[in-house]
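Trainee:
What follows is the structure, encoded as structure tokens:
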């Protein structure tokens, strides 16, 4: 992924984690890139250290193969589809979870 830094006019490239991790959602909030992986969880890119770090959270979104992510008033919104079975009838439902992101010296923590 290529980027342009408007502060100093520099260009660069981020190496995204390997595709075998099944990237299921991508979002940028407050100039931080977040990616959800189905087998690993939510990660963020530490642009100062140029490495990927885990968002500390109690969310378990790893089991869903299709997760939509978006910024909503500074929060991270997760949308996913789940199949429901009730009395033999199968239906689809869209679920949503809002996550507040807190930054500290240790990293980023997400709370639902």
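Numbering (my numbering), first residue to last: 42 to 153.
Virtual Cβ for every residue (Gly too), placed ideally from N, Cα, C.
Here's the rule I'm using: 16 or more other beta-carbon atoms within 10 Å means buried, otherwise exposed. How should residue 113 be labelled?
Mentor: Exposed, because fewer than 16 other Cβ atoms sit within 10 Å of the Cβ of residue 113.
Trainee: Which of helix, strand or coil does DSSP assign to residue 163?
Mentor: There is simply no residue 163 to check, as the chain begins at 42 and stops at 153 in what is shown.
Trainee: In three-state terms, what does DSSP make of residue 112?
Mentor: Residue state, collapsed to three classes: strand.
Trainee: Which same chain residues, not among the five before or five after residue 77, have their C-beta less than 7 Å away from its C-beta?
Mentor: For residue 77, where only same-chain residues beyond five positions count, the Cβ hits under 7 Å are 65, 66, 83, 102, 108, 110.
Trainee: Report the residue from 90, 48, 50, 132 whose alpha carbon sits nearest the alpha carbon of residue 148.
Mentor: Of the candidates 90, 48, 50, 132, the one whose C-alpha sits nearest the C-alpha of residue 148 is 90.
Trainee: For residue 99, report the span of its beta strand (DSSP E) as first-last.
Mentor: Residue 99 -> no beta strand (DSSP E), and no H or E assigned at all.
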